[in-house]
Amino acid sequence: MTFRRLAGGRLGGVLVAALSMPVAAQEAPVTVFAADDRLDRPEEGDIFRLAPPPGLAERGVRVGSFVVRPTVALGARGVSDLLAPDYRGAADVAGVIAPEVTIDGDRPGLDLQAYLRGNLVGFAGHKRENLAEGSGGVSLARIFSPALTVRASAEAGRFIEDRAAAFTPADVRKPVRFERMLGSLGATYTAGRLVVSPTLNVTRYAYHDARRASDPTQILVQRNRSFVRLNPSLTIGYVPVAGTVFYAAADYDRRDYDLKPDGQILRFDRDSKGYAVYGGVRFQPTPLTRLDIAAGYQRQRYKAPLNGPSGLYARVTAEWSPSRASSVRLTALRDISETGAFQLGGARRTRVEARYDREIRRDLRASLRAEYRLSEVQDVQFKTRQMLGGAALTYYHTPALELFGTVDLLRSRGTAAGTNGRERLKRAMLQLGLRLGM
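In terms of mature numbering (1 follows the signal peptide of the UniProt record, and there is no 0), the sequence shown is residues -25 to -1, 1 to 413.
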């Protein structure tokens, strides 16, 4: 679930960043500027999103002014390569259970969204790869006046890091566990054509030590990756005409790690301070296209001798609605991420993703996705390049029953954290299942 919806739905508004928790462990665990999109995109009536299938909006149980929607997904998953170092190349099948409860409330002047989610994956032959994840969150938006809206959100969850993540250690017997907690507080103030949005985001990552695959009696320290990130920001927008927003933003980025230098395990102080300044515009060149383009400068300062990356910050989102039954979305982002390594600072990261959604029939939908990821550390031969792709097909049999199938492909090449050699990874996943709701 992603907290994106705001009461009022003003296209030219500037909003607090959406904070999303990963459903599974396929997402990179650290995203420095994941919350840069502060411009409102109304959900209802948005031509760049497919309309909900018939009856889906009526799903749920009304309790006063709240609507509770419990669902559970049941499925079977096949994986071509588990990517574990001690049984590399091994394939396996697994059962998947993913329960979820969402709550939506719409009282006058107050918008509430909340969720609880679980993700359980049990493999038939390799029990060490089993997943048990859970997360929950709540988001509130309070409209004090037509000119002032205040928002707050909080989320927390426990996850399993994907073995194919860019900077996860290779020599671990079990995938690394970590917790992530996020909090956000912000406001939007409108004065004529001017829109001002201050925001404060706080993020906490807590990693757990893991045993080495090469020698299970030894502990591979991961607590050195645990940190707190403080990220205040200010966005100012100007709306010359409806549907067009020019904006400028400044972000401060402070990261404080739990472990401090001890002269033995950890020799360097990995705390850092950084900033990003950028400007952009969102507009619709044609009634069926929408663009959001932002560019600027970013820098993250680490104490010597750790690498302190700097350079271009860029974000592009292009949307196209060729028909009422299809949509195309292209996104690109260049930012700075953490590496998690003892002797490395930050990494420059580039991500490009394309997605196509198609309504074949009112009760049948398909989607295609392709993504490119590049993470590299300046002045060090440390680089990871990944290509990802996927397809999904969903059949809405009734408002209470969905049947789905997904295919996910991964190809990765780079220097794996914790090793001295080059790594080439390939993986294919197929999942079939059903989703029950009420």
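The C-beta atom is built at its ideal place from N, Cα and C for all residues, glycine as well.
Taking the continuous beta strand (DSSP E) assigned at VAL36, which residues delimit it?
Locating residue 36 in the sequence shown gives position 61, counting from the first residue. DSSP places VAL36 in the uninterrupted beta strand (DSSP E) bounded by 36 to 38.
Taking a contact to mean a Cβ-Cβ separation below 8 Å, would you say GLY364 touches GLN406 in this structure?
On the sequence shown, position 389 is the one that residue 364 refers to. On the sequence shown, position 431 is the one that residue 406 refers to. Taking the C-beta atoms as reference points, GLN406 is found no nearer than 8 Å to GLY364.
Assigned exposure category for SER110 - 16 Cβ within 10 Å defines buried
As a first step, residue 110 must be located in the sequence shown, where it is residue number 135. Using a 10 angstroms sphere on the CB of SER110, the tally of other CB atoms reaches 16 or more, which defines it as buried.
Check the C-beta distance from LEU263 over to PRO297 and give it rounded, since I have them as a contact under 8 Å.
By one-based count along the sequence shown, residue 263 stands at place 288. By one-based count along the sequence shown, residue 297 stands at place 322. At roughly 7 Å, the Cβ-Cβ gap stays under 8 Å, so LEU263 and PRO297 are in contact.
Beta-carbon gap between LYS96 and ALA69 smaller than 8 Å
For the purposes of this step, residue 96 is identified with residue 121 of the sequence shown, where counting begins at 1. For the purposes of this step, residue 69 is identified with residue 94 of the sequence shown, where counting begins at 1. What sits at residue 96 in the sequence shown is Val, not Lys. Cβ atoms of VAL96 and ALA69: closer than 8 Å.
By DSSP, does residue 472 sit in helix, in strand, or in coil?
Outside the displayed range of the chain (-25 to 413) lies residue 472, so it cannot be described from this structure.
Nearest to PRO284 (by Cα), restricted to the options SER247, TRP295, VAL214:
Position 309 of the sequence shown, counted from the start, is the residue given in the question as residue 284. Ranking SER247, TRP295, VAL214 by CA distance to the CA of PRO284 puts SER247 first.
Reduced DSSP secondary structure (H/G/I, E/B, other) of ARG168:
Locating residue 168 in the sequence shown gives position 193, where the first residue counts as 1. Taken through DSSP and simplified to helix, strand or coil, ARG168 comes out as coil.
Do you know whose CA, among GLU33, VAL252, TYR232, TYR213, lies nearest ALA166's CA?
Your numbering for residue 166 matches position 191 in the sequence shown. It is TYR213.
Buried or exposed: which applies to VAL147, given that a residue is buried once 16 or more other Cβ atoms fall within 10 Å of its Cβ?
Here residue 147 refers to the residue found at position 172 when the sequence shown is read from its first residue. VAL147 is buried by the Cβ-count criterion.
Candidates SER55, LEU31, ARG37, PHE23, of which the one nearest LEU384 by Cα
Sequence index remark: in the sequence shown, residue 384 carries index 409 (1-based). That would be SER55, whose Cα lies nearest to the Cα of LEU384.
Would you kindly report the start and end of the unbroken beta strand (DSSP E) that includes HIS372?
The residue labelled residue 372 in the question sits at position 397 within the sequence shown. Residues 357 to 373.
Nearest candidate by alpha-carbon position, reference ARG186, set VAL216, VAL256, PRO150:
For the purposes of this step, residue 186 is identified with residue 211 of the sequence shown, where counting begins at 1. Nearest option by C-alpha distance: PRO150.
Give the range of the beta strand (DSSP E) segment to which PHE98 is assigned.
As a working mapping, residue 98 is identified with position 123 in the sequence shown. PHE98 -> beta strand (DSSP E) spans 85 to 98.
6 Å CB neighbourhood of TRP295 in its chain, flanking five on each side removed
To locate residue 295, count along the sequence shown from 1; it is residue 320. Non-local beta-carbon contacts of TRP295 in its own chain, meaning distances under 6 Å to residues more than five positions away in sequence, involve THR264, VAL303 in chain order.
Roughly how many angstroms separate the alpha carbons of ARG117 and THR174, rounded to a whole number?
By 1-based counting over the sequence shown, the position of residue 117 is 142. By 1-based counting over the sequence shown, the position of residue 174 is 199. Per the coordinates, the alpha-carbon of ARG117 lies some 15 Å from the alpha-carbon of THR174.
My parser needs the beta strand (DSSP E) runs of 3 or more residues fully inside the stretch 178 to 235; what are they?
If we require 3 residues or more, the beta strand (DSSP E) runs fully inside the stretch 178 to 235 come out as 202 to 213, 220 to 232.
Straight-line Cα distance separating ALA307 from ARG326
Position 351 of the sequence shown, counting from 1, holds the residue named residue 326. Position 332 of the sequence shown, counting from 1, holds the residue named residue 307. Going by the C-alpha atoms only, they are around 6 Å apart.
Looking only at its own chain, which residues have a Cβ that is under 7 Å from the Cβ of PHE202, when we skip the five neighbours before and after it?
Sequence index remark: in the sequence shown, residue 202 carries index 227 (1-based). Only residues of its own chain outside the window of five on either side were considered, and among them TYR180, ARG230, ASP231, TYR232, ASP233 have a CB closer than 7 Å to the CB of PHE202, listed in chain order.
Using the three-state DSSP reduction, which class does LYS401 fall into: helix, strand or coil?
Taking the sequence shown and counting its residues from 1, the one referred to as residue 401 is at position 426. Three-state result, LYS401: strand.
Cross-strand partners of LEU411 (DSSP beta bridge):
Your numbering for residue 411 matches position 436 in the sequence shown. Note: LEU411 is bridge-paired with VAL47, LEU376 in the DSSP secondary-structure output.
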